[in-house]
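**Q**
Protein chains: 2
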Amino acid sequence: MPKNALYAQSGGVTSVINASACGLIEAARENKIKVFAGHNGVTGVLSEDLIDTSKESNQDIAALHYTPSGAFGSCRYKLKDIEKNNNECKRLIEVFAAHNIGYFFYNGGGDSQDTIYKISCFSQQAGYPLICIGIPKTIDNDLPFTDCCPGFGSAAKYVATSICEASFDILSMAATSTKVFILEVMGRHTGWLAAAGGLASKNHSNVNGAPQIILFPEIAFNQELFLQRVELCIKKYGFCSIVVSEGVRNEEGKFLSDCDLKDAFGHTQLGGAGTIVAQMIRNNLKYKCQLAIANYLQRSARHIASKVDIEQSYAVGKAALELALKGKNNIMTTIVRESDKPYRWSVGSAPLEQVANMERKMPRSYITEDGFHITEECLNYLTPLIQGEDFPAFENGLPKYVRLRNNSVPKKLGSLIN
Amino acid sequence: MPKNALYAQSGGVTSVINASACGLIEAARENKIKVFAGHNGVTGVLSEDLIDTSKESNQDIAALHYTPSGAFGSCRYKLKDIEKNNNECKRLIEVFAAHNIGYFFYNGGGDSQDTIYKISCFSQQAGYPLICIGIPKTIDNDLPFTDCCPGFGSAAKYVATSICEASFDILSMAATSTKVFILEVMGRHTGWLAAAGGLASKNHSNVNGAPQIILFPEIAFNQELFLQRVELCIKKYGFCSIVVSEGVRNEEGKFLSDCDLKDAFGHTQLGGAGTIVAQMIRNNLKYKCQLAIANYLQRSARHIASKVDIEQSYAVGKAALELALKGKNNIMTTIVRESDKPYRWSVGSAPLEQVANMERKMPRSYITEDGFHITEECLNYLTPLIQGEDFPAFENGLPKYVRLRNNSVPKKLGSLIN
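For the protein sequence lines, the chains are Z and L, in the order given. Numbered by the numbering used here, the letters in the first sequence go through residues 158 to 575 in order. Numbered by the numbering used here, the letters in the second sequence go through residues 158 to 575 in order.
#1: Quick check: what's the CA-CA separation for Z:Ala254 versus Z:Glu526?
#2: Measuring alpha carbon to alpha carbon, tell me which residue in L:Ala472, L:Ser172, L:Ala331 is nearest L:Pro549.
#3: Assign L:Ser463 to one of three DSSP states: helix, strand, or coil.
#4: For L:Val405 versus L:Ala353, is the C-beta spacing smaller than 7 Å?
#5: Is DSSP giving L:Arg345 helix, strand or coil here?
#6: Could you tell me which of Z:Arg560, Z:Glu533, Z:Lys160, Z:Thr224 sits nearest to Z:Gly355, measuring between CA atoms?
#7: Using a C-beta to C-beta distance shorter than 8 Å, which residues of chain Z count as neighbours of L:Arg248?
#8: If I'm right that Z:Leu249 touches Z:Ile276 with Cβ under 8 Å, what's the distance once you round it to whole angstroms?
#9: At a Cβ cut of 8 Å, what residues of the segment 301 to 330 of chain Z count as close to chain L, listed as they run along the chain?
#10: Z:Tyr223 and Z:Ala194 - do their beta-carbons sit closer together than 7 Å?
#11: Quick check on the burial criterion: 16 or more other C-beta atoms within 10 angstroms. Buried or exposed for L:Ser522?
#12: With the cut-off set at 7 Å, would you say Z:Asp217 and Z:Leu570 are in Cβ contact?
#13: Measuring only the C-alpha atoms, how far is Z:Gly227 from Z:Ile258?
#14: Between the beta-carbon of Z:Ile327 and the beta-carbon of Z:Ser177, is there less than 7 Å?
#15: List, in order along the chain, the chain Z residues whose C-beta lies closer than 7 Å to that of L:Gly230?
#16: Please state whether DSSP places Z:Cys306 in a helix, a strand or coil.
#17: Counting along the chain, where does the beta strand (DSSP E) carrying L:Glu495 start and finish?
#18: Near L:Cys325, what residues of its chain come up, given a Cβ to Cβ distance below 6 Å and the 5 sequence neighbours on each side ignored?
#19: Taking the alpha carbon of L:Leu379 as the point to measure from, which residue in L:Cys446, L:Asp297, L:Glu409 has its own alpha carbon closest?
#20: Using a C-beta to C-beta distance shorter than 9 Å, which residues of chain Z count as neighbours of L:Val170?
#21: Just the chain L side, please: which residues come within less than 7 Å of Z:Gly227 by C-beta, in chain order?
#22: When the Cα atoms are used, what is the spatial distance from Z:Gly366 to Z:Trp349?
#23: So, does the CB of L:Ile292 fall closer than 7 Å to a CB anywhere in chain Z?
#24: Return the residues of the segment 522 to 539 of chain L that lie within a Cβ-Cβ distance of less than 7 Å from chain Z, sorted by chain order.
#25: For a minimum of 3 consecutive residues, which ranges assigned as the beta strand (DSSP E) are wholly contained in the segment 321 to 384 of chain L?
#26: How big is the Cα-Cα spacing for Z:Ile524 and Z:Ile531?
#27: Between Z:Ser572 and the rest of its own chain, which residues show a CB-CB distance below 6 Å, the 5 nearest in sequence each way excluded?
#28: Enumerate in chain order the residues of its own chain whose CB-to-CB distance from Z:Cys306 is below 6 Å, with the five nearest sequence positions on each side excluded.
#29: For L:Arg586, which residues in chain Z fall below 8 Å Cβ to Cβ?
#30: Using the DSSP secondary-structure output, state which residues sit across from Z:Val170 in a beta bridge.
#31: I want to verify the contact list: residues of chain L whose CB lies under 8 Å from the CB of Z:Asn553, in sequence order.
#32: With DSSP as the reference, label Z:Gln544 as helix, strand or coil.
#33: Would you tell me roughly how many angstroms separate the C-alpha atoms of Z:Gln282 and Z:Val559, rounded to the nearest one?
#34: Work out the CA separation of L:Glu240 and L:Gln436 for me, nearest whole Å.
#35: Determine the extent of the beta strand (DSSP E) in which L:Ser398 is found, giving its start and end residues.
#36: Would you list, in sequence order, the uninterrupted alpha helix (DSSP H) runs of no fewer than 4 residues that lie entirely inside the segment 239 to 323 of chain L?
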């Protein structure tokens, strides 16, 4: 009997992670491999809560291509270390064995690659034959060994489009009203997503180079230099448009969001980096300042996804299945950049062992010397990743997204007792 | 010599106000009328800072159709009352006379309609022949006498799409992570834009009816009932997705954003309604809660504009010019709903005198009895307004928007001395 495959989604979802699921499941169907999915990532595997994807129509699987979020549910869950508690790993092997799983695919970021690496090691130790392949995914773009991370290009396109549009807005208003606009974006400890805002500055449709300021976690925040720069922009351009990364830290390495900042009334101000920076400008420069916080919108906005990103997401899922069938093991599929202009890419792979728990920050050469913008080198890196549109179908004015049936696989084991 | 027309944009801009400019200018070109534009609204008229739109190519004027924001600059400026200071009105007449202006068009919301009404009254008093026509525009949808306000449908489509996409996201995450997602939207004292979030609940692509809660300025906020409802949603659906209007007030009529709320550390929490509500959930229910603040993004997101809204914006601009040429005066162009299903509309008009400074709140019958959602009646009203897409062209991965030359008209007068 041919082995079944198990696929699961993990960590913060993206607008295109389902395209990876689609690539993998379509390739599996071609190869007559049955795919089960973990409901809510590895937690569903632990609780033997599996979904039978073979019950979904070809049409619904194809519609995953156009549907944001994790169709099978994702999770934030860190497996316990094998040395401390190998009950979890034993349980996983039990579930794999009960359902004749020969291939395990985990679709996620750095922590998730660590999870699959642990599972791979343990299955080897336990003598259970299991091919383990990681599929990359994160809007943070912080995985090593891959030129970019599926999910990033679409979030980047959202951020660049949004700051472009909002900058057109503030240009209209600045003469008598708002002088500063701030967009807070995600990215954890790295500035990749904030950097994407810089694409709007360099585009034909740019307004006065906006955003004129980008704040990166890689550059220690200096309040005085920052406020000077804001003032300078307003003098020069009439307004100042800013993209700030949630992960910005001050010179002591403390997140801005953890710093005490008093408002005009002496109240302590709490909030994310955007809130803090906005209040700083209002208190010190007395300008009218507007703040947008993109939050989940940037990682779920499938309606403005990048075509390149969707293609890459699909490809890393499809390749994962195909490489597994060729007997490759213990790898994560990657995107390899073949050339910048014209942009050419292919799918490669990297050893799981080296990928797990590594975080790729922006190279210093991608950030201008003053620390407030991106360089041409960065622009060359980012530009190909937001190319092309692949709009979802719309029905009744809204995007048409699919919800799968998600039929459960009948359980064969008792509950997990920790 | 035929009279010239003067057009200006006022108040917060939208993603489609330039479509009204496009409609007006294209109609004027057909009728051989020259259009000057006030740079930054009426403030540009006061300072004789006028733009000669005849210097723009047909192609660039057509591109206004696809470009968000106010291409000639907008303003937040309230004319002084004639009784208190008629220098301003005198000055306006001087500028009109110097540039042979026979038609004045002001494109804005309630305050702007008041401005044009004042100008109309004064020009009559002063014996200066001037046809004054208001063109409606506001994402707040709070102008009376028009079925809807150009700009609203596109912002509504943005809000509904965004909460739909973010709700897909939180559905994936809720099992082990975020349980509550909040989107704060604009709308000033009215809940029209928040109501638009409800379109996502009723759509085929809805996830568990999300957003399950909408907070309207029209309904006094009750913390206890609200928190109970959040808890109920999480029990029933696994997560809770919320749209909150910036203008929500408590039972004493105080804006949530003006209320003191202590955080877990006893710090006073400041922020908009979304920030307050998020902190309230974290403090009282201890759930992980994410907050997005759409801010300018919702009013500038031309990439996801409503086709119906664009067509209406164009039409009210075009009709304003045509009605002026027919000698109509002292009116604002409006949208008249001819039928719901199929949706049919036409352009009408309302007397400026009655429009100025009136604010149209949501009817109580548009809000469910419990105050947390929209009714079928509201759904029937809103649904047609977000229909259709009219994507801008994209170049190099980003929307292609136009920036006009905005050549100045040579000044003929000295500076204004107040």
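Each residue gets a CB set at the ideal place from its N, CA and C atoms; glycine is no exception. Keep in mind it's a predicted model, so treat the numbers as computed, not measured.
**A** A quick look at the data gives this:
#1: Rounded to the nearest angstrom, the two C-alpha atoms are 55 Å apart.
#2: Checked all of L:Ala472, L:Ser172, L:Ala331; the closest Cα to L:Pro549 is L:Ser172.
#3: Taken through DSSP and simplified to helix, strand or coil, L:Ser463 comes out as strand.
#4: One thing to note: L:Val405 has its Cβ no nearer than 7 Å to the Cβ of L:Ala353.
#5: Of the three classes helix, strand and coil, the one that applies to L:Arg345 here is coil, per DSSP.
#6: Ranked by how close their Cα comes to the Cα of Z:Gly355, the residues Z:Arg560, Z:Glu533, Z:Lys160, Z:Thr224 have Z:Glu533 in first place.
#7: The premise fails here: L:Arg248 is roughly 17 Å from chain Z at the closest Cβ pair, so nothing lies under 8 Å.
#8: With 8 Å as the limit, Z:Leu249 and Z:Ile276 qualify as a contact, their Cβ atoms being about 6 Å apart.
#9: Those residues of the segment 301 to 330 of chain Z placed with their C-beta closer than 8 Å to a C-beta in chain L are Lys314, Ala317, Thr318, Ser319, Cys321, Glu322, Ala323, Phe325, Asp326, Ile327, Leu328, Ser329, Met330, ordered along the chain.
#10: Against a cut-off of 7 Å, the Cβ pair of Z:Tyr223 and Z:Ala194 comes out as no contact.
#11: Label assigned to L:Ser522: exposed.
#12: No, the pair does not count as a contact, with Cβ atoms beyond the cut-off.
#13: Cα to Cα, Z:Gly227 sits roughly 21 Å from Z:Ile258.
#14: Cβ atoms of Z:Ile327 and Z:Ser177: not closer than 7 Å.
#15: At a beta-carbon threshold of 7 Å, the residues of chain Z lying near L:Gly230 are Ser329, Ala332, ordered along the chain.
#16: Reduced to three states, the DSSP call for Z:Cys306 is coil.
#17: Run containing L:Glu495: 488 to 496, per the beta strand (DSSP E) assignment.
#18: Note that residue 325 of chain L is Phe in the sequence shown, not Cys. Val364, listed in sequence order.
#19: Reading the sequence as shown, one finds Asn at residue 379 of chain L and not Leu. Of L:Cys446, L:Asp297, L:Glu409, the smallest CA-CA separation from L:Asn379 is found for L:Glu409.
#20: Residues of chain Z with a Cβ closer than 9 Å to the Cβ of L:Val170 are, in chain order, Phe325, Asp326, Ser329, Met330.
#21: Neighbours of Z:Gly227 on chain L, chain order: Ser329.
#22: About 19 Å.
#23: Using beta-carbon distances, L:Ile292 does not count as an interface residue toward chain Z, since no partner is under 7 Å.
#24: The residues in question: there are none.
#25: Complete beta strand (DSSP E) runs here, min 3: 337 to 342, 370 to 372.
#26: Distance between the alpha carbons of Z:Ile524 and Z:Ile531: 4 Å.
#27: Here the set comprises nothing.
#28: Taken in chain order, the residues that qualify are Pro293, Thr295, Asn298, Leu300.
#29: With chain L represented from 158 up to 575, any question about residue 586 of chain L goes unanswered, as that position is not in the structure.
#30: Paired residue(s): none; Z:Val170 is not in a bridge.
#31: In chain order: Asn360, His361, Thr540, Gln544.
#32: The DSSP-derived three-state label of Z:Gln544 is coil.
#33: Spanning the two alpha carbons is a distance of roughly 40 Å.
#34: C-alpha separation (whole angstroms): 47 Å.
#35: Counting along the chain, the beta strand (DSSP E) containing L:Ser398 begins and ends at 397 to 402.
#36: Here the runs fully enclosed are 244 to 255, 267 to 282.
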